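S.K.: Structure below; questions to follow.
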Amino acid sequence: MRKLVIAVGMIGTLASCTQTERGTAIGAGTGAIIGGVVSDSWGGAAIGAVAGGIMGNLIGRSRERDGYCIYRDRYGRRFEARCQ
């Protein structure tokens, strides 16, 4: 029952966020779970949360600008432009 209440609270909290905020929160949560399970430590969960949060933020940002995609140039730098 406790897990259900927490899950409903998380869904309600994320309902009012932007795509970037939602992506960051979901990525951080997922990264923390995976990092904790794989390493069986709090440190692994923290590293997973940071990595997942960064990736979720990037994905969320790319979804906010509909019609734009993230590309890399030949030097490895990232940039956004209209999708081709």
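Numbering (this note's numbering) for the sequence shown: 1049 to 1132. All C-beta atoms, glycine included, are put in the ideal place defined by N, C-alpha and C. Model, not experiment: these values are computed from the prediction.
(1) Could you tell me if A1093 is buried or exposed, where buried requires 16 or more neighbouring beta carbons within 10 angstroms of its beta carbon?
(2) Decide if A1129 is buried, meaning its Cβ has at least 16 other Cβ atoms within 10 Å, or exposed.
(3) State buried or exposed for R1070, treating a residue as buried only when at least 16 other CB atoms are found within 10 Å of its CB.
(4) Output the distance between the C-alpha atoms of R1120 and S1087, rounded to the nearest integer angstrom.
(5) For a test of the three-state rule: what should DSSP assign to R1120, helix, strand or coil?
(6) For R1031, which of helix, strand or coil comes out of DSSP?
(7) Quick check on this structure: which residue in R1109, C1131, G1101 and S1089 has the alpha carbon closest to the alpha carbon of R1074?
M.R.: Here's the rundown:
(1) Looking at its Cβ environment, which holds 16 or more other Cβ atoms inside 10 Å, A1093 is buried.
(2) Answer is exposed; the Cβ neighbour count stays below 16.
(3) With a threshold of 16 other beta carbon atoms within 10 Å, R1070 meets it and is buried.
(4) For R1120 and S1087, the distance between alpha carbons rounds to 32 angstroms.
(5) Judged by DSSP in its simplified three-state form, R1120 adopts strand.
(6) Absent from the model: residue 1031. The displayed extent of the chain is 1049 to 1132, so no value can be given.
(7) Residue 1074 is actually Ile in this sequence, not Arg. Selected option, being the one with the closest Cα: G1101.
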